[in-house]
Amino acid sequence: MTPSDKLLLQMQDIEKSFYGVKVLDKVSIDLYAGEVLALLGENGAGKSTLIKILNGDYQKDGGTILIDGQPVQINRPRDAEALGIRMIYQEQHYAGELSVTENLLLGHLPMRGFIVDWKAAHNQARERLKLLKLDLDPTKLMMNLTVVERQIVEVVKAISGNARIIVMDEPTAAFPPNEVALLFDSIRALVKQGISIIYISHRLDEIFQIADRATVLRDGKLVGTKSITDITQRDLVQMMVGHDVTRGTSETSIPDANSNTKPVLQVSGLGRGSIFTNIDLQLIPGEIVGIFGLLGAGHDAIINTIFGESQPDRGSIMIDGKQVTITNPRDARRAGIGLVPGDRKVQGLVLDMNVRENVTLSNWGALSRWGFFQRSSEKSRAQQWIDRLGIRMAGGMTTKLRFLSGGNQQKVVLARWLEANVKVLLLNEPTWGVDVGARGDIYAQLEALASQGLAILLVSSDLDEVLSVSHRVLTVYKGQLTGQFSRSEASREKLLHAAAGGTL
Numbered sequence: 141m142t143p144s145d146k147l148l149l150q151m152q153d154i155e156k157s158f159y160g161v162k163v164l165d166k167v168s169i170d171l172y173a174g175e176v177l178a179l180l181g182e183n184g185a186g187k188s189t190l191i192k193i194l195n196g197d198y199q200k201d202g203g204t205i206l207i208d209g210q211p212v213q214i215n216r217p218r219d220a221e222a223l224g225i226r227m228i229y230q231e232q233h234y235a236g237e238l239s240v241t242e243n244l245l246l247g248h249l250p251m252r253g254f255i256v257d258w259k260a261a262h263n264q265a266r267e268r269l270k271l272l273k274l275d276l277d278p279t280k281l282m283m284n285l286t287v288v289e290r291q292i293v294e295v296v297k298a299i300s301g302n303a304r305i306i307v308m309d310e311p312t313a314a315f316p317p318n319e320v321a322l323l324f325d326s327i328r329a330l331v332k333q334g335i336s337i338i339y340i341s342h343r344l345d346e347i348f349q350i351a352d353r354a355t356v357l358r359d360g361k362l363v364g365t366k367s368i369t370d371i372t373q374r375d376l377v378q379m380m381v382g383h384d385v386t387r388g389t390s391e392t393s394i395p396d397a398n399s400n401t402k403p404v405l406q407v408s409g410l411g412r413g414s415i416f417t418n419i420d421l422q423l424i425p426g427e428i429v430g431i432f433g434l435l436g437a438g439h440d441a442i443i444n445t446i447f448g449e450s451q452p453d454r455g456s457i458m459i460d461g462k463q464v465t466i467t468n469p470r471d472a473r474r475a476g477i478g479l480v481p482g483d484r485k486v487q488g489l490v491l492d493m494n495v496r497e498n499v500t501l502s503n504w505g506a507l508s509r510w511g512f513f514q515r516s517s518e519k520s521r522a523q524q525w526i527d528r529l530g531i532r533m534a535g536g537m538t539t540k541l542r543f544l545s546g547g548n549q550q551k552v553v554l555a556r557w558l559e560a561n562v563k564v565l566l567l568n569e570p571t572w573g574v575d576v577g578a579r580g581d582i583y584a585q586l587e588a589l590a591s592q593g594l595a596i597l598l599v600s601s602d603l604d605e606v607l608s609v610s611h612r613v614l615t616v617y618k619g620q621l622t623g624q625f626s627r628s629e630a631s632r633e634k635l636l637h638a639a640a641g642g643t644l
């Protein structure tokens with residue numbers, strides 16, 4: 141891509157504080173016409189606050205915003221929209237029961253008298269879809285589209301309103317790896333039209349595929365802006381966290397799955413309707429096994445069923461060589477199984493409870509004696525895990541969970557199950573929405589826990605994560621296991637091949 145020399149957006153010396161805490165300290169960024177600018181930083185670095193100021197959701201305390209060299213005042217989202225600024229957020233906003241046409245033209249459907257002119261509406265939708273060369277039936281319901289198709293429809297909606305600047309916040313978070321290229325093709329089509337993109341992502345490999353420059357924030361301050369051609373991934377990570385970050389487990393820590401060690405978890409012939417069938421797997425103490433599959437493969441349903449959130453219609457589960465009946469999560473907990481869910485904010489945490497309460501939530505029974513809750517014991521137990529996992533919070537253990545970063549929230553979920561002394565830990569997308577520095581911390585903790593004998597079964601759509609953290613990797617395609625690889629055997633190509641049913 142070759143962005144123009146025309147400076148489209150300047151945000152100069154932007155300042156913002158909340159309750160006396162400065163979250164943006166004289167941050168400056170600029171954006172050229174037809175450019176993709178990556179905006180990077182750990183959770184809490186100030187990225188979200190900066191783009192919310194650009195969109196008029198927050199008011200800046202200081203600094204200047206210029207469009208085409210002229211100062212502008214953005215007091216509300218409507219002001220940003222009038223300037224050609226559009227936001228595409230990580231959580232997709234669409235009406236699933238309505239068609240593509242209705243989502244694209246909502247509020248602007250052509251009328252013939254008092255009746256919608258559907259022929260004209262569908263033709264208008266097709267013309268808009270052609271802007272990004274998207275061959276999509278506009279009569280199709282949004283709920284029946286793939287994740288990437290829905291995201292591209294969101295992009296089409298944005299550019300239909302004379303967009304000049306589009307901010308994309310983690311746009312590929314829910315994409316299977318083989319569909320990311322479709323969105324990137326759309327982005328390239330946009331920049332050819334002179335539209336500029338601010339691209340926010342934790343996936344650094346994407347940055348090097350799509351961005352022209354990268355701006356890095358840390359602790360509310362500008363670290364720097366670099367051309368992608370002048371920097372490496374390691375350089376970016378160091379800019380983001382302030383130090384070098386390594387990831388993954390050491391080769392010396394890999395347990396031998398073929399040894400005579402008794403499995404702590406053994407699953408045989410497990411099936412649930414057409415979602416997954418005939419699943420056989422086992423974990424030995426100290427082993428990290430990754431499960432990799434593309435979107436809709438059924439891999440997340442497997443661990444949810446092991447945890448009792450859904451019921452299998454065939455197969456068995458054994459813990460320490462004894463068959464167990466798991467009809468609900470309580471049964472799983474009694475059997476020594478814990479789950480770190482994919483959506484920690486909905487399933488894994490109580491956001492309006494504090495850190496101390498969330499850490500000990502699964503072990504309150506053990507903290508009660510003679511009908512009295514031992515508050516002092518709860519505090520000491522919680523502090524132990526806070527220190528051990530490096531959970532960071534501004535107001536101590538009484539801080540409510542909703543005020544923690546994604547990485548620290550995930551550590552709290554880990555702490556809860558470790559406090560409950562589980563034997564098997566199931567993890568579904570453990571670093572989804574977690575910044576690169578916190579990822580390194582989580583990987584190190586998983587390695588340490590495995591070395592102490594915890595058996596870990598990890599589901600992830602992040603290929604790099606699966607390859608670097610897992611001792612063994614299982615692949616799933618359409619609800620069936622299609623491959624098993626040791627760390628030395630596994631590669632991106634092999635895993636994608638097996639996860640696509642051997643068709644890649």
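FYI, in the working numbering the residues of the sequence shown are 141 to 644.
Ideal placement from N, C-alpha and C gives every residue a C-beta, glycine not left out.
Exercise for the section: List the DSSP bridge partners of M308. Expected result: DSSP, once it has assigned bridges, lists I228, Y339 as partnering M308.
Problem - 3 or more residues per run - each beta strand (DSSP E) lying fully within the segment 233-311 - result: Within the segment 233-311, the complete beta strand (DSSP E) runs of at least 3 residues are 305-309.
Exercise for the section: Return the residue from the list Q264, L410, I169 that minimises the CA-CA distance to L149. Expected result: Checking every option, the nearest Cα to that of L149 belongs to I169.
Handout entry: Neighbourhood of T389 by C-beta distance below 6 Å, restricted to the same chain and skipping five residues each side
Key = Below a pLDDT of 50, predicted positions are generally treated as unreliable, and T389, at 44, falls in that range; the measurement from the model is reported next regardless. E587, listed in sequence order.
Problem - Whole runs of the beta strand (DSSP E) within the segment 559-616, excluding any shorter than 3 residues - result: Within the segment 559-616, the runs of beta strand (DSSP E) at least 3 residues long that lie entirely inside it are, in chain order, 564-568, 595-599.
Handout entry: Reduced DSSP secondary structure (H/G/I, E/B, other) of K187
Key = It is helical.
Practice task
Could you tell me which residues DSSP puts in a beta bridge with K462?
Solution key: DSSP output for K462 lists I459 as bridge partner(s).
Handout entry: V167 vs L362 beta-carbon contact at 7 Å
Key = Yes, they are a contact pair.
Problem - Contact set for L249: own chain, Cβ-Cβ below 6 Å, skip 5 residues either direction - result: The answer, listed in chain order, is V256, A261.
Handout entry: Selection from F432, I350, H611 that minimises the alpha carbon distance to A321
Key = When each option's Cα is compared against that of A321, the closest is I350.
Handout entry: Backbone CA spacing between M308 and W557 [nearest angstrom]
Key = The straight-line gap from Cα to Cα measures roughly 34 Å.
Practice task
Pull up the distance between the alpha-carbon of G364 and that of D420, whole angstroms please.
Solution key: In a straight line, the C-alpha of G364 is about 50 Å away from that of D420.
Exercise for the section: Determine the closest residue to L636 out of N494, L607, L281, with distance taken between C-alpha atoms. Expected result: The option with the nearest alpha carbon to L636 is L607.
Exercise for the section: Let me know if L357 comes out buried or exposed under the rule of 16 or more other beta-carbons within 10 Å of its beta-carbon. Expected result: Residue environment analysis places L357 among the buried positions, since at least 16 neighbouring C-beta atoms fall within 10 angstroms of its C-beta.
Practice task
List the DSSP bridge partners of G204.
Solution key: For the sequence presented, residue 204 should be read as Thr rather than Gly. Per DSSP, the beta-bridge partners of T204 are Q152.
Practice task
Go to A639, then tell me how far its alpha helix (DSSP H) extends in each direction, as first and last residue.
Solution key: It spans 632-639 - the alpha helix (DSSP H) in which A639 sits, taken as one unbroken run.
Problem - Cα-Cα separation, I428 to I228 - result: Using only the alpha carbons, I get a separation of about 36 Å.
Problem - 3 or more residues per run - each beta strand (DSSP E) lying fully within the segment 321-378 - result: For secondary structure counted as the beta strand (DSSP E) over 3 or more consecutive residues, the segment 321-378 holds these complete runs in sequence order: 336-340, 353-358, 361-367.
Handout entry: E569 burial status per 10 Å Cβ neighbour count (16 or more: buried)
Key = By the neighbour-count rule (16 or more Cβ atoms within 10 Å), E569 is buried.
Problem - Given 8 Å, three or more beta-carbon pairs between the segment 592-601 and the segment 624-634 - result: In this structure the segment 592-601 does not touch the segment 624-634; the number of beta carbon pairs closer than 8 Å is below three.
Problem - Neighbourhood of N494 by C-beta, 8 Å cutoff - its chain only, sequence neighbours within 5 removed - result: Excluding five sequence positions before and after N494, the CB atoms of its chain that fall closer than 8 Å to its own CB belong to M537, T538, T539, K540, L541, given in chain order.
Exercise for the section: Since I believe G196 is in contact with I214 (beta carbons under 8 Å), could you give me their beta-carbon distance rounded to a whole number of angstroms? Expected result: Between G196 and I214 the Cβ distance is about 4 Å, and since that is below 8 Å, they are a contact.
Exercise for the section: Helix, strand or coil for F158, going by three-state DSSP, please let me know. Expected result: Here F158 sits in strand by DSSP.
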